[in-house]
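Student: Per our numbering, residue 607 is the first one in the sequence shown, and the count goes up by one each step.
Yeah, the Cβ is synthetic: ideal placement off N, Cα and C, and Gly gets one too.
Bear in mind the structure is a predicted one, so any value in this text is a computation, not a measurement.
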Amino acid sequence: MRIGEVARCAGVSTRAVRYYEEQGLVHADRDHNGYRVYGPESVGLVREIARLLRLGLNTDDVAMFVGCLGRGEPPSGECVDLLRIYSERLGALNERIRALTEVRDRLAAETDRIAEHMADR
Numbered sequence: 607m608r609i610g611e612v613a614r615c616a617g618v619s620t621r622a623v624r625y626y627e628e629q630g631l632v633h634a635d636r637d638h639n640g641y642r643v644y645g646p647e648s649v650g651l652v653r654e655i656a657r658l659l660r661l662g663l664n665t666d667d668v669a670m671f672v673g674c675l676g677r678g679e680p681p682s683g684e685c686v687d688l689l690r691i692y693s694e695r696l697g698a699l700n701e702r703i704r705a706l707t708e709v710r711d712r713l714a715a716e717t718d719r720i721a722e723h724m725a726d727r
């Protein structure tokens, strides 16, 4: 399977597949012309890598679990640390949401204060 087909089937760009390969997340053999050739399992793996990156993990996190990806099963054994990393990312996201909510609330209060001041004129 060539890079374009893997990318199309996985719903990512060919650039993303090349990047995943550069990061050691996906392996491709080369044919006699030097073109990348991927196995059929690569589609599921690339799809799962993209999903984890969208969830906020970085490529170093994903690299730790590349052997666990694309299996279609919940993490177990060597993959159990994935739960810890998910929990850490969730905690960080919750903190960002809390901070953004605080900023939004202050901005809304200031907007209301200015609007009231202008209405009193």
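When you compare only the Cα positions, how much space is there between cysteine 674 and valine 709?
Tutor: 39 Å
Student: Of the residues Leu713, Ala698, Phe671, Val623, which one's Cα is nearest the Cα of aspartate 687?
Tutor: Phe671
Student: Report back the beta-carbon spacing between valine 618 and serine 648 to the nearest angstrom; my notes put them in contact at under 8 Å.
Tutor: Their Cβ separation, rounded to whole angstroms, is 11 Å, which puts valine 618 and serine 648 out of contact at 8 Å.
Student: In three-state terms, what does DSSP make of valine 643?
Tutor: strand
Student: Looking at alanine 622 and alanine 656, is the spacing between their C-beta atoms short of 9 Å?
Tutor: yes
Student: Determine the extent of the alpha helix (DSSP H) in which methionine 724 is found, giving its start and end residues.
Tutor: Start and end: 687-725.
Student: First and last residue of the alpha helix (DSSP H) that includes arginine 621?
Tutor: First-last of the alpha helix (DSSP H) with arginine 621: 620-628.
Student: Of the choices Asp711, Asn639, Leu658, whose alpha-carbon is the least far from that of isoleucine 691?
Tutor: Leu658
Student: What's the C-alpha gap between aspartate 667 and threonine 707?
Tutor: 28 Å
Student: Cα separation between arginine 735 and alanine 705?
Tutor: Outside the displayed span of the chain (607 to 727) sits residue 735, for which this structure offers no information.
Student: If we count the other Cβ atoms within 10 Å of its Cβ and call it buried at 16 or more, is glutamate 654 buried or exposed?
Tutor: Around the beta carbon of glutamate 654, 16 or more other beta carbons lie within 10 angstroms, which makes this residue buried.
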